[in-house]
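Notes to accompany the following structure.
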Amino acid sequence: MTDLFHEGVRDWWLDEVMRVITENKRHTFIVLTKRPERMRRYFCNGVPGNLWLGVTAENQRRLNERMFHLLETPAAVRFVSVEPMLERVHIGAPWLEGLRWVIAGPETGPGARECRAEWIMDLADECADAEVAFFDKRKAGWLLREFPD
C-alpha cells in the first residue's frame, strides 16, 4: 500500500497504474490520498469511470485543506476517510453534496490515540442527514465493507 500521489511516485508509474485501471473496466479501483493537490493536477483531463477518489483527514484542519482539491477533481465517486479520527470532524452540507461515501474509525494498535465514540456518531448523523453512505470501521466484521450504491 502506498499513496499514489506521494512526491516519490513518478508520473510514468501513475500512467501505468491508470492504464491498468482503464483496461479493467469490470473492476472498481479505489485511491485514497493525503496529497489531493497532485491528484487534482494529474486528473485535470478526466478520470476513468471505474476509479473512485478519496482523501484521508485525521482532523478538521486536514479536512479543510484537502476537501477543496478533492471536490475540484472529476470522479465517478468521491469519498473521505476520517481515520484515524483524532478529533471531532464536521464536513458540512456543501461539501457533503460532492461526496458519496464517508469512512471513520479510530487509530488502532499500541499507543493508539483517543477517538471518542460520539465523534464518529456525530459524523454518521451528519452523513445520514445528507444521504451520504457512511462506514464505521469500529463495527465487527469491518473487512466486509459497506460500499455506496
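Heads up, the sequence shown is in the numbering used here, so the first residue is 12 and it goes up one at a time. Don't be surprised by glycine CBs; every beta carbon is placed ideally from N, CA and C.
Exposure label - residue i; buried when at least 16 CB within 10 Å
| i | result |
| --- | --- |
| Trp153 | For Trp153, the predicted structure reports a pLDDT of 49, less than 50, and the residue's modelled location is therefore unreliable. A value from the coordinates is still provided. Answer is exposed; the Cβ neighbour count stays below 16. |
| Glu108 | exposed |
| Thr84 | buried |
| Ala86 | buried |
| Trp106 | buried |
Residue i vs residue j beta-carbon contact at 7 Å
| i | j | result |
| --- | --- | --- |
| Gly116 | Arg149 | yes |
| Thr39 | Pro59 | no |
| Leu43 | Thr67 | yes |
| Val100 | Leu74 | yes |
| Arg49 | Phe16 | yes |
| Arg127 | Glu118 | no |
Identity of the residue in the options nearest residue i by Cα
| i | options | result |
| --- | --- | --- |
| Asn56 | Val42, Ala104, Ala144 and Met29 | Met29 |
| Arg77 | Arg46, Leu62, Gly122 and Gly120 | Arg46 |
| Ala135 | Glu118, Ala123, Val93 and Trp24 | Val93 |
| Gly122 | Pro95, Ala128 and His80 | Pro95 |
| Arg111 | Glu48, Asp22 and Ala139 | Ala139 |
| Trp130 | Ala141, Ile102, Val143 and Gly120 | Ile102 |
Residues that DSSP places opposite residue i in a beta bridge
| i | result |
| --- | --- |
| Trp63 | Ile41 and Val88 |
| Trp112 | Phe90 and Ala144 |
Whole-Å CB distance - residue i paired with residue j, under 8 Å assumed
| i | j | result |
| --- | --- | --- |
| Glu98 | Asn61 | Not really, about 34 Å apart at Cβ, beyond 8 Å. |
CB contact below 7 Å: residue i versus chain C
| i | result |
| --- | --- |
| Phe79 | Among the protein chains of the structure shown there is no chain C, as only one such chain exists. |
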